[in-house]
Every structure is written in C-alpha cells, then in structure tokens.
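Reading through the structure tokens given below for one structure.
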Amino acid sequence: MQAAVRMDEPELIRAAQQGDQRAFEQLVRLYDQSVLRLATNLLRSPEEANDIYQEAFLRVYKNLHTFRFDCSFHTWLYRIVSNLCLDALRKRKVRREESSVVETSEGLLDRMDAVEERRADGNPERRLESQELKERIQEVLGGLTPRERAVFEMRHYQGMRLRTIGEVMGTSEEAAKNCLFRATQKMRVALGDFV
Amino acid sequence: MTCEEARKNLPLFLYGELSFDEEELVEVHMDECASCRAALAREKAMFGALDGAEMIPAPGALDESRMELRRRLAAAGRAAQSSAPVRGANWWDKVREGFTIHFHFAPGIAQVAGAAAMLVLGFVTARMAPNSLLGNFHSASVMDPATSRVRYVEPVAPGRVQIVVDETHQRVLSGSLDDESIQRLLLTAAKDPSDAGLRVESVDLLKNNSQSAEIRKALVYALEHDPNAGVRLKALDGLKQFAEDPDTRQALTSVLLKDDNPGVRTQVIDLLVQRHTDAMVGVLQELMEKEDNSYIRMRCQKVLQEMNASVETY
Numbered sequence: 001m002q003a004a005v006r007m008d009e010p011e012l013i014r015a016a017q018q019g020d021q022r023a024f025e026q027l028v029r030l031y032d033q034s035v036l037r038l039a040t041n042l043l044r045s046p047e048e049a050n051d052i053y054q055e056a057f058l059r060v061y062k063n064l065h066t067f068r069f070d071c072s073f074h075t076w077l078y079r080i081v082s083n084l085c086l087d088a089l090r091k092r093k094v095r096r097e098e099s100s101v102v103e104t105s106e107g108l109l110d111r112m113d114a115v116e117e118r119r120a121d122g123n124p125e126r127r128l129e130s131q132e133l134k135e136r137i138q139e140v141l142g143g144l145t146p147r148e149r150a151v152f153e154m155r156h157y158q159g160m161r162l163r164t165i166g167e168v169m170g171t172s173e174e175a176a177k178n179c180l181f182r183a184t185q186k187m188r189v190a191l192g193d194f195v
Numbered sequence: 196m197t198c199e200e201a202r203k204n205l206p207l208f209l210y211g212e213l214s215f216d217e218e219e220l221v222e223v224h225m226d227e228c229a230s231c232r233a234a235l236a237r238e239k240a241m242f243g244a245l246d247g248a249e250m251i252p253a254p255g256a257l258d259e260s261r262m263e264l265r266r267r268l269a270a271a272g273r274a275a276q277s278s279a280p281v282r283g284a285n286w287w288d289k290v291r292e293g294f295t296i297h298f299h300f301a302p303g304i305a306q307v308a309g310a311a312a313m314l315v316l317g318f319v320t321a322r323m324a325p326n327s328l329l330g331n332f333h334s335a336s337v338m339d340p341a342t343s344r345v346r347y348v349e350p351v352a353p354g355r356v357q358i359v360v361d362e363t364h365q366r367v368l369s370g371s372l373d374d375e376s377i378q379r380l381l382l383t384a385a386k387d388p389s390d391a392g393l394r395v396e397s398v399d400l401l402k403n404n405s406q407s408a409e410i411r412k413a414l415v416y417a418l419e420h421d422p423n424a425g426v427r428l429k430a431l432d433g434l435k436q437f438a439e440d441p442d443t444r445q446a447l448t449s450v451l452l453k454d455d456n457p458g459v460r461t462q463v464i465d466l467l468v469q470r471h472t473d474a475m476v477g478v479l480q481e482l483m484e485k486e487d488n489s490y491i492r493m494r495c496q497k498v499l500q501e502m503n504a505s506v507e508t509y
C-alpha cells in the first residue's frame, strides 16, 4: 500500500521502513531543502553540496531500517549530513582545496558566481565594499576548524539550538557552546574593521 | 555581571541561547554600560554582515539534486535486483522491488527508472508475471501509473476481474563507449527530458567521442537547447576542440548571445576569442549592449580594442 496523502513524521518513517517509496519521498522532501542549504553554505561549492545531498539521502535510504526512534529523525539525518560535511572539510584542509576564485588566462573568475547571493546591490561602491566583506568572511570561515565551522553554520544559518547541535555532533551542549564562542571570537577579530 | 562576562555572552544573547536569568543579567548590564552597548551594536552588525554572506543554492539546484537522487535510488534498486537470487516464488517479488523504486519529485513528468534501457527494450507484457499477481487485486501495489499500463480488463466471475498489465522491464547493459549501440543509447538518454542528471552523465560520456559527426551534432543540440546548464557545460567541453569548425562556431556565437548562464557564456567567450574574425565584431558589440557579467564584458572590451573596433554600436 502506498503512503496516504497526509502522514505525520513517525508514520512516514514507519511506512518508509516498510518499503513505501512515496513515504520515503515525502520524508526526503521534509528536509532536503535545508540539507542542501546547509551543505552549500558550509562547503561553499555547489558540486560538493550536491555530492553531500546524494550521499546523505542514499545512506538514509540504506540505513533507515536501523532507525529506532531513540532520537528525532532530524537529529539522525543531520548527524549523517554533518559527518559527511566534516569529512569533506577535513579532506579539503589536507589537500588545501583550491579557492573559489580561479585564475583564467584573462583574469579572475569566482566559481561561486554560480551560487545565489542573498544580498544584491546595484550601487558600485557598496558592491565593492560588499565584495571585500564577502572575501573577508570567506577567509575567516575558511580559517575556522571544521567543527567550529559546522557548529557556527548550524547555529547561525540553520537556527538550530545548541543542545540539538550537541546531539548532532555527538557532544555536549557545553562543548558546542565553546565551539561557537571560538568561532564568533575569530570572526570578531577578522571582521572588526568592517562592522 | 562584569563587562568581560557580558561581552563573552553577546553571541549567546543574540542567538537567544541564554537562560532567562542570564539574559536578565546581560540586559541590566547593557542598561548601565555604554561601552558594552556599543559592543552589542558591533556584534549585531557583524551578525548582519554574516547573514548577508550566506550562500544559498542556485535556483533549480534542489530540483536537479532531487532528480539525481531519484536516478541513484533507481540504480541502487536495479543493483539489488540483479544481485538477488532469482528463484521460484521470490522471482516476481525481486523484480517488483526493482520496479517500485520510483520517485515523483517532478509532478507531471513521467518518472521512469532506467529510462535509457526502457527506450530500447520497450515493454514486456504482464504474461511474464506469475498468475498470483494477475488473480489477486492485493498485488495492485506494484501498479504505478508511471511504470505500468493496463492492457486489458476482463470480468472473470461475479465481483472478480482479470487485468493484464504492461510493466516496464529493466535490464543492465554494459559495453564499450565506442560501441555504436551503446552510443545510440547514450544519445537517446542525452535527450531524456525528464532527467537532467541522466543527460549530464550521458553527455559527459559522449563528449569523449566527439569526432563522430552524429555525436558532435548531439553536443551542439544540447549546448543550444538543453534547459540544464550542467548539461550545456558538458556539451561545451566536448566541442572545445572543434571551436574552429564553422557550424560549431556559429552555435557558440548564438549561445554567447542568448544563454542565461554566465558560466556557460564565460567558457564560450574564452573559446571564441582565441581567434579574431571580422564577423566577431558585431557579435561582441551586440553582447556589450546587454551583458552584465563583468568578466565577459572585460573579455569583450579587450578583444574589440585589439581589433581596433568600437566597444559600442552607434
């Protein structure tokens, strides 16, 4: 039997665990937008974000039968996503990932032009200032440790509570809080003259 | 609360992560301390700047990710199907498992797993299905309008009906990329309107054989008409070595003027300006009138100046 039109989350999970494809699809749709957003902003690469999206939901699909409702599905999913993102960030540190700005034969081209920016401004002066700020922010975010980066991302852009972030990261709320302190402190130092 | 404590707590204060009592202490301290109020204002400004730096997925990225996921899950289903032992009563169940990995992320579009294989192999009638399926309506869960079609309905007894169903049959094919039949399948898959992910991968594989006129024609078609920028970029990759070919050059020119993706236009202009021709002047001048990407404008301007042409039309 296929999933009914309206099911609450636990029903969807149980139906998907029984092999109901439509239920699985609905479950994916509940969270996939925020997963892609998290990965895009965290990795600052549309291609890598898509890789994380694919791998995360494939893992969910393969391991859903092991989900025992001992935490929320959101926490379980984000644990998978954040682990994948942390691995990607760590690998990037090791191989010193290329910057988003690539040098072409005739000038610099920002690969992130393929990604939407939240604020667009027609004023050239403000655009330049905003560009410098964007570069500085990119720089400081790149300088955070993968763990600081992930905690900051989940708190600042995803609006997750520190307690949940702690659960997702497999640590305490206190440890997540300390990570956030360190991240914001580094940003305060780096962005001080811009704000 | 000391200034040091208040300032340490500013991010948690702004994130609403302090307890009621802690928040009270910070607020009381802010009322009394101008220097910490200024620090709070700076912290808010920093948060505002960070808000503005959020990278959000490009329009269409989510749809593309969903389509790719659907395709991958279908492939995972096919792999499970081909590795499962096929015997006796389990046979149909295994096949059914393979058939039912279908996702419906794009309403209105036929969602068919293994589209490439289907196009060649067509339908296998439900006569292949065991009688237990045809005689019991509880088995109708295998029915999916996207992958099944009712061929006949026939009343067999009062209150009973026999239904013959056409089902999509999937098969894994493998072969050399130089093989003509493989290439034909890839050419078909490269035009599958329902699956951008499939088109990206197919064009990516085809582009290595772009010496073939038929493949080159398909790449040009994809570059000019595919709605997905990822597919167009792959097609462009395959056409790079033919940038001097007149037909390809004409297609590149048309793409430069009409493609809405700056990444595609950037690569096209890099290709086109490798050789300066008089015909390019008008194109570049036309482009200068409407192009808003600074890199492309810079390239245009430079080439026009090198060719002693005005950067504007009059």
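These protein sequence lines map, in sequence, to chains A and B. Each residue of the first sequence is one higher than the last, beginning at 1 in this note's numbering. Each residue of the second sequence is one higher than the last, beginning at 196 in this note's numbering. Cβ coordinates follow ideal geometry from the N, Cα and C atoms, glycine included.
Check, Outcome
"For residue 434(B), the nearest candidate out of 219(B), 495(B) and 406(B) (CA to CA)", "406(B)"
"Proximity test, Cβ basis, 8 Å: residue 180(A) and chain B", "yes"
"Under the three-state DSSP convention, the category residue 468(B) falls into", "coil"
"Short-range partners of chain A found in the stretch 247-261 of chain B, where Cβ spacing is below 9 Å", "247, 248, 249, 250, 251, 252, 253, 254, 256, 257, 259, 260 and 261"
"Whether residue 54(A) touches residue 264(B) by CB criterion (8 Å)", "yes"
"Proximal residues of chain A, C-beta to C-beta of residue 271(B) below 9 Å", "58, 61 and 62"
"Contact set between the stretch 134-152 of chain A and chain C, restricted to residues whose Cβ is under 7 Å from the partner", "No chain C appears in the structure shown, which is made up of the protein chains A and B."
"Completely contained beta strand (DSSP E) runs for the stretch 347-375 of chain B, where each covers 3 or more residues", "355-363"
"Residue span of the alpha helix (DSSP H) that contains residue 156(A), given as start and end", "Careful: residue 156(A) lies outside any alpha helix (DSSP H) and carries neither H nor E."
"8 Å Cβ cutoff met for residue 408(B) and residue 398(B)", "no"
"CB of residue 438(B) within 8 Å of CB of residue 466(B), strictly", "yes"
"Beta-carbon contacts of residue 404(B) that lie in its chain and below 8 Å, excluding the five residues immediately before and after", "372, 373, 378 and 410"
"CA-to-CA distance, residue 56(A) to residue 267(B), given in whole angstroms", "12 Å"
"Contact set between residue 194(A) and chain B, taken where Cβ atoms lie within less than 9 Å", "240, 241 and 244"
"Three-state class that DSSP yields for residue 345(B) in the structure shown", "strand"
"Assigned exposure category for residue 26(A) - 16 Cβ within 10 Å defines buried", "buried"
"Residue range of the alpha helix (DSSP H) that includes residue 42(A)", "21-43"
"Nearest candidate by alpha-carbon position, reference residue 205(A), set 19(A), 188(A), 160(A) and 87(A)", "The first residue shown for chain A is 1 and the last is 195, placing residue 205(A) beyond what the model contains."
"CB contact check: residue 156(A) to chain B, cutoff 8 Å", "yes"
"Given 8 Å, three or more beta-carbon pairs between the stretch 175-194 of chain A and the stretch 214-229 of chain B", "no"
"Assigned secondary structure, residue 196(B) (DSSP; H/G/I helix, E/B strand, else coil)", "coil"
"Reduced DSSP category for residue 225(B) - H, G, I as helix; E, B as strand; rest coil", "helix"
"Minimum C-alpha distance to residue 242(B) - residue among 157(A), 62(A) and 172(A)", "157(A)"
"Residue 169(A) - partner residues in DSSP beta bridges", "None, per the DSSP bridge assignment."
"Nearest neighbour of residue 13(A), chosen from 36(A), 90(A) and 71(A) [CA to CA]", "71(A)"
"Assigned exposure category for residue 21(A) - 16 Cβ within 10 Å defines buried", "buried"
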